[in-house]
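Protein chains in written order, with this note's numbering: chain A, -15 to 95; chain B, 830 to 941. In this text, a Cβ means the ideal position worked out from N, Cα and C, and glycines have one as well. Structure first, then comments.
Laid out in structure tokens, this is it:
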């Protein structure tokens, strides 16, 4: 089946630094989604991407749908302590009719 | 607030017991998904329902079952519970053609 490789698995950064994480696959996706999960809570949708090459921002977050449709990245600029959490990517294909989730990137921000 | 509700928020039970988790999707969403998340793990897809019918199955144990009712709410039934079933259980709902899923707040199940 389809698999997503999400990296890095974890990141420890200083407040104010920029963060970059990505998801790659050997499969083509029609939609890429990025979620953030805080401890004990459900994942919250951050950004949805529906077109190859699309670049979308949500505040300090920017995500791009790779031109090959096989990858996506999420950038967080000027990180703050409340950015702490697990970030998941998810890819959806019409053919499969279902979404595949990455294993998550755990972000720790040191004040 | 995603618009997806789950009850109960917490559930503590003993091994061998059976529990039912409930999920109400966002208004208008026809798809409901169930996920299991063990401590420090990713989201394990269990099962998907669409408009009352089972659409996809993931790594769901035979001791687990689910259904989606005519009003579109869904229930996940977990039976013969084991210690290893302790986890967060999330449901998500989606509508439209892009399968953009919105997650509920989860049910934390503790099996003692």
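Between which two residues does the beta strand (DSSP E) harbouring residue i extend?
i: residue 916/B; result: 916 to 923
i: residue 78/A; result: Careful: residue 78/A lies outside any beta strand (DSSP E) and carries neither H nor E.
Apply the 10 Å Cβ neighbour rule to residue i and answer buried if 16 or more other Cβ atoms are within range, or exposed otherwise.
i: residue 895/B; result: buried
i: residue 53/A; result: buried
i: residue 51/A; result: exposed
i: residue 857/B; result: exposed
i: residue 42/A; result: exposed
i: residue 26/A; result: buried
Using alpha carbons as the reference points, say which of the options lies closest to residue i.
i: residue 933/B; options: 3/A, -13/A, 28/A; result: 28/A
i: residue 95/A; options: 51/A, 4/A, 66/A, 32/A; result: 66/A
i: residue 898/B; options: 868/B, 937/B, 938/B, 860/B; result: 860/B
i: residue 936/B; options: 830/B, 862/B, 838/B; result: 838/B
i: residue 909/B; options: 925/B, 941/B, 923/B, 844/B; result: 844/B
i: residue 854/B; options: 929/B, 930/B, 922/B; result: 922/B
i: residue 885/B; options: 925/B, 867/B, 862/B, 846/B; result: 862/B
Give a yes or no on whether 8 Å exceeds the smallest Cβ distance from residue i to chain B.
i: residue 15/A; result: yes
i: residue 76/A; result: yes
i: residue 97/A; result: Residue numbering for chain A in the displayed model covers -15 to 95; residue 97/A lies beyond these limits and cannot be assessed.
i: residue 34/A; result: yes
i: residue 25/A; result: yes
i: residue 87/A; result: yes
i: residue -4/A; result: no
Using a Cβ-Cβ distance cut-off of 8 Å, determine whether residue i contacts chain A.
i: residue 934/B; result: yes
i: residue 831/B; result: yes
i: residue 931/B; result: yes
i: residue 872/B; result: yes
i: residue 897/B; result: no
i: residue 843/B; result: no
i: residue 877/B; result: yes
Complete beta strand (DSSP E) runs within the segment -12 to 53 of chain A (minimum length 3 residues, chain order): Segments of the beta strand (DSSP E) lying fully in the segment -12 to 53 of chain A: -11 to -9, -6 to -2, 3 to 8, 15 to 21, 28 to 33, 39 to 42, 45 to 49.
Entirely enclosed alpha helix (DSSP H) segments - the segment 854 to 880 of chain B, minimum 4 residues: Runs of the alpha helix (DSSP H) lying entirely within the segment 854 to 880 of chain B and spanning at least 4 residues: none are present.
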